Amino acid sequence: MGELKRIHADTIPRAISKAERYRLLNEPWESESICRDILAADPDNQDVLVLLLLSITDQFRRRKGVGESDAEEALAKITDTYRRAYYAGVIAERWAKRLLRAEYGPEVVLERLHKAMDHYTEAQRLAPEHNEDAVLRWNTCVRLIERFGLDAGDAASWDLAHIEHFDDEMPTR
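At position 68 of the sequence shown (counting the first as 1) the number is 54 in this note's numbering, and the numbers step up by one without a gap.
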């Protein structure tokens, strides 16, 4: 097996562009790999840490062995309190969607969505003026709860009919 090669710092903008492109092409593993190469050259690059976190959460539904803790490693290195709250919400929301697809019980999915909503509430408090991203994500969580009847209190009323049509192919920003 060969050793990983390092990229030069002056190639980072092009590498970021490639990582973003692979993510948008629904190839999150490739995006994650590129992000890790960038971070080897520039470990504190906050935008790349976010891109890495999103690339990892894109894999929640695709790859076994990729979980919340993988994304939380990147989250721990994000220094901005708003971004940290917002992306903690993204991790919890996307993990809830993974659990929903795997047909975990409604109480488990609901707990993760409530955790996401708590993070989005904090992010909304910390958000820059005219930034409603956390509100949009909060509303998505509420709609998921309503759509699947997760707050109905009994698993028999949990509506799984929509799961096959529920698709989260578009990457979260």
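Even glycine gets a Cβ: it sits at the ideal position worked out from N, Cα and C.
These numbers come from a predicted model, not from an experiment.
- Within a 10 Å sphere around the beta-carbon of THR67 sit fewer than 16 other beta-carbons, which makes this residue exposed.
- Using a Cβ distance threshold of 7 Å, SER19 and ARG9 do not count as a contacting pair.
- Going by C-alpha positions, GLU118 is about 15 Å away from ALA102.
- Just so you know, the alpha carbons of ALA109 and LEU(-10) end up roughly 37 Å apart.
- In the three-state reduction of the DSSP assignment, ALA113 falls in the coil class.
- Around the beta carbon of VAL95, 16 or more other beta carbons lie within 10 angstroms, which makes this residue buried.
- In its own chain, leaving out the 5 sequence neighbours on each side, no residue places its CB closer than 7 Å to the CB of GLU97.
- When the Cα atoms are used, LEU136 and THR126 turn out to be separated by approximately 14 Å.
- Within the model, the alpha-carbon separation for VAL128 versus TYR106 is close to 12 Å.
- Two segments are said to touch when three or more pairs of C-beta atoms, one from each, lie closer than 8 Å; by this definition the stretch 43 to 59 does not touch the stretch 27 to 34.
- Counting of Cβ neighbours within 10 angstroms places PRO(-1) among the exposed residues, the total staying below 16.
- Contact between LEU40 and VAL34 is absent: CB atoms are separated by about 11 Å, not below the 8 Å threshold.
- Closest in alpha carbon position to ASP44, among ALA60, ASN12, TYR72, is ASN12.
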